[in-house]
Amino acid sequence: MKLRILLTLGLFICASASIATDKVAYQQALQSVTSGNVRVESIKDTPIDGLKVLTVSTGKRREIIYMSTDKRYIFNGNLFDIKNRIDVTETQKNDLRLAHLRQFNNSQRINYFPDNMDYQVSVFTDVDCPYCRQLHQQMDAYNDLGIGISYLFFPRSGLNTESSLKAVSVWCADDRKKALDSAMADGELSQLQCDNPVSDHYNAGIAEGVSGTPAWVLEDGTLIPGLVPPKQLKQQLDKMANKRPSE
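When the letters of the sequence shown are read in order and numbered with mature numbering (1 follows the signal peptide of the UniProt record, and there is no 0), they come out as residues -20 to -1, 1 to 227.
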């Protein structure tokens, strides 16, 4: 048993060392053709022999690029599977987005869920955004269609601004939903401070390509900017559900 454990541990250490070496090699190749602070986060295979997909961080943002295994060729664009009519890159971005947002469980969001929920979507919101307020005014309509909305804060003016402080005050209120309802209606809001996830929400939005509000993240990780009316969103979610492979 001890020998088996030692062998397994040895294989794990070798694999980890190999991954680290690969990252360094791809990092060096990338830095030779880019400027600024670009860091390789992960390296994975693609359906094409000799081509790797790299997840890289550029400041606060994350991007997907492709590089040949000999480190000679690189491109930044979308890879399409013509046979299956799939945007491979967009699918990879969606998967990364979902994985990133899983760090926020329901206790780290403000949720408006119906009793009978067919779909749960994440929405980056700003209490001072007119379109976010329009969305919030239609909450009952979304819920009536079986759509649950899970809010993450994204103050468009940035952190440590009036909009950001309002988001913090909403979070720190005894009744967060009541405070958010009031803020969305331009009502009174007591200025409060406490431990809060507002900056984490905001930074996650930046990393995943959010630039305005409202911004939707659907169950498959698709990012949709702007206000989407309830019935239109329901149609899109139904269409997405019908495309899922049967389990």
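Glycine included, C-beta positions come from ideal geometry on N, C-alpha and C.
Put simply, of Lys214, Trp196, Gln215 and Ala163 the residue whose alpha carbon is nearest the alpha carbon of Gly206 is Trp196. In the DSSP secondary-structure assignment, Val197 is bridged to Ser102 and Leu203. If you draw a straight line from the Cα of Lys24 to the Cα of Ile90, it comes to about 34 angstroms. DSSP places Asp120 inside the alpha helix (DSSP H), whose first and last residues are Met119 to Asp124. A straight line joining the alpha-carbon of Arg77 with that of Ala165 spans about 30 angstroms. Put simply, of Phe134, Glu168 and Pro27 the residue whose alpha carbon is nearest the alpha carbon of Asp67 is Pro27. Excluding sequence positions up to five before and after Lys3, its CB lies within less than 8 angstroms of the CB of Val20 and Ile23, all in the same chain and listed in chain order. For the pair Ala159 and Leu145, the CB atoms are not nearer than the 8 angstroms cut-off.
Considering only Arg113, Gln83, Asp106 and Ser162, the residue with the shortest C-alpha distance to Glu142 is Asp106. In the DSSP secondary-structure assignment, Asp61 is bridged to Ile66. In the DSSP assignment, Met47 falls outside any alpha helix (DSSP H) and lies within the beta strand (DSSP E) extending over Arg41 to Ser48. A Cβ-Cβ contact shorter than 8 angstroms links Thr193 with Phe104. The alpha carbon of His181 has as its nearest neighbour, out of Asn222, Val33 and Arg136, the alpha carbon of Arg136. Listed in chain order, the non-local C-beta contacts of Ala153 below 6 angstroms within the same chain comprise Ala159, local neighbours out to five positions each way being set aside.
Between the region 112 to 132 and the region 201 to 217, the count of Cβ pairs shorter than 8 angstroms is three or higher; the stretches touch. Contact check for Ile44 against Gln83 fails: the beta carbons are separated by 8 angstroms or more. DSSP places Ile90 in the strand class (E or B) of the three-state scheme. Counting C-beta atoms within 10 angstroms of its own C-beta, Asn85 has fewer than 16 neighbours from the protein chains shown and is therefore classed as exposed.
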